[in-house]
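Here is the structure we will look at, set down as structure tokens.
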Amino acid sequence: MKIDYFTLVGLVFLALALLLKLMIPLDIYLLKFFNSAMFSKFFFKYFTEIGNGLICLAIIVPILSYASQNSNLNSIKTQTLVFTCIGVGIIVKVVKELTFDYALRPAYYEFSDVIFLEPVFLYSSFPSGHAATIFSLIFVWIFLAFKNVEFRFKGLIIFSLLFFGLLVSLSRVVIAAHWLSDILGSIALALFMLKIIQLKFLKNLLYESESAKYFSFFLIGLSWLYLITIGTLY
Numbered sequence: 482m483k484i485d486y487f488t489l490v491g492l493v494f495l496a497l498a499l500l501l502k503l504m505i506p507l508d509i510y511l512l513k514f515f516n517s518a519m520f521s522k523f524f525f526k527y528f529t530e531i532g533n534g535l536i537c538l539a540i541i542v543p544i545l546s547y548a549s550q551n552s553n554l555n556s557i558k559t560q561t562l563v564f565t566c567i568g569v570g571i572i573v574k575v576v577k578e579l580t581f582d583y584a585l586r587p588a589y590y591e592f593s594d595v596i597f598l599e600p601v602f603l604y605s606s607f608p609s610g611h612a613a614t615i616f617s618l619i620f621v622w623i624f625l626a627f628k629n630v631e632f633r634f635k636g637l638i639i640f641s642l643l644f645f646g647l648l649v650s651l652s653r654v655v656i657a658a659h660w661l662s663d664i665l666g667s668i669a670l671a672l673f674m675l676k677i678i679q680l681k682f683l684k685n686l687l688y689e690s691e692s693a694k695y696f697s698f699f700l701i702g703l704s705w706l707y708l709i710t711i712g713t714l715y
């Protein structure tokens, strides 16, 4: 069985995540190291939520879709990004349920020298949904938007997007909501998601279906309605 590049790299990140999970003292040390970088509770309270599924669906997806459709890049259908957002969310949910009692969050251990931001959760640490979502969208967008496209600032844009995704993901460790091992696992899932959207039987749904397009618009509108009326992510 042939394993493509993205799957192979995803497996490497998954292996690193599991290895770090076994090296508990190192995972704790890295948690405290990144937590010490919390220079502003107010900033990180909002910055970390960029990776929230609702925020990604309401804001990040439309921005990325618009950017690809109004530039010299390959046009990416809105439903492709919406499916990516929802698909990785479902995968994360399943994995979290399977590891609920075993993947304990940093707050469970009540470290006296760690600063925690609300809301504080104790279980379902692996993987980080925020990190998996933001990285999935960035990976898929970069792969499709820049496929067979060459221009001067291509490398800079790709680096900037990946760096932004890394900052958002690491903010989950900074606020002590996740371990670094959770972030590595999330990157693995994002790479697997990149492989999933390339499956042939999804081609019509992701790239051609008009009903999928309008349903995607409906979901984006619904996410905005929720954010406006409820006013909270939790």
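Count along the sequence shown starting at 1, add 481, and that's the number in the working numbering.
Each residue gets a CB set at the ideal place from its N, CA and C atoms; glycine is no exception.
Computed from a prediction, not measured in an experiment: that's the story for all the values here.
Check	Outcome
Taking the alpha-carbon positions, what's the G702 to K558 distance?	16 Å
Use the C-beta contact count for P600: other C-beta atoms within 10 angstroms, 16 or more gives buried, fewer gives exposed.	exposed
Tell me which residues share the same chain as L643 and place their Cβ nearer than 8 Å to its Cβ, disregarding the 5 neighbours each side in the sequence.	I619, I623
On the premise that F616 lies in contact with S650, defined as a C-beta separation below 8 Å, what is that separation, rounded to the nearest angstrom?	6 Å
Just mark F581 as buried or exposed, buried being the case when its beta carbon has 16 or more other beta carbons within 10 Å.	exposed
Going by DSSP in three states, W622 sits in which element: helix, strand or coil?	helix
Quick one: residues in its chain with C-beta nearer than 6 Å to the C-beta of A588, no 5 flanking neighbours on either side, listed in chain order?	F597, V601, L603
Output the distance between the C-alpha atoms of F515 and E591, rounded to the nearest integer angstrom.	17 Å
Taking only the alpha-carbon atoms, compute the straight-line gap between G570 and P608 and give it to the nearest angstrom.	11 Å
Specify, as a first and last residue, the run of the alpha helix (DSSP H) that F640 falls within.	635-655
My assumption, with CB atoms under 8 Å, is that D485 sits in contact with K684. Please give the rounded CB distance.	No, D485 and K684 are not in contact; Cβ-Cβ is about 17 Å, not under 8 Å.
Decide yes or no for the touch test of the region 624-633 against the region 491-501: beta carbon pairs closer than 8 Å, at least 3 of them.	no
When you compare each of N555, L512, V621, Y547 to I656 by their alpha carbons, which one comes out closest?	L512
Would you kindly report the start and end of the unbroken alpha helix (DSSP H) that includes V563?	559-579
Exposed or buried, what is L489 when buried is set at 16 or more other beta-carbons lying within 10 Å of its beta-carbon?	exposed
Report the three-state DSSP secondary structure of A518 (helix, strand or coil).	coil
Are at least three pairs of beta-carbons, each pair with one atom in the region 561-568 and one in the region 533-547, less than 8 Å apart?	yes
With H, G and I counted as helix, E and B as strand and the rest as coil, what does DSSP make of E691?	helix
Just to confirm my understanding: we take L686, look at its own chain, exclude 5 residues before and 5 after, and list those with CB closer than 8 Å. What are they?	Q560, F564, A693
So, for W705: in the same chain, excluding its five sequence neighbours on each side, which residues have a beta-carbon less than 6 Å away from its beta-carbon?	A539
Provide the residue span of the alpha helix (DSSP H) that contains S600, from first to last.	It should be noted that the sequence gives Pro, not Ser, for residue 600. It is not in any alpha helix (DSSP H) - P600 carries neither H nor E in the DSSP assignment.
Specify the secondary structure class of M482 as computed by DSSP and reduced to three states.	Residue confidence for M482 is low, a pLDDT of 45 falling below 50, so the modelled location carries little weight and cannot support an answer.
By Cβ distance, which residues of its chain are closer than 6 Å to D508, with the 5 residues on each side in sequence left out?	L501, W660, S662
Distance check for V542 and Q679, CA to CA, integer angstroms please.	18 Å
What separation, rounded to the nearest whole angstrom, lies between the Cα atoms of V576 and A498?	14 Å
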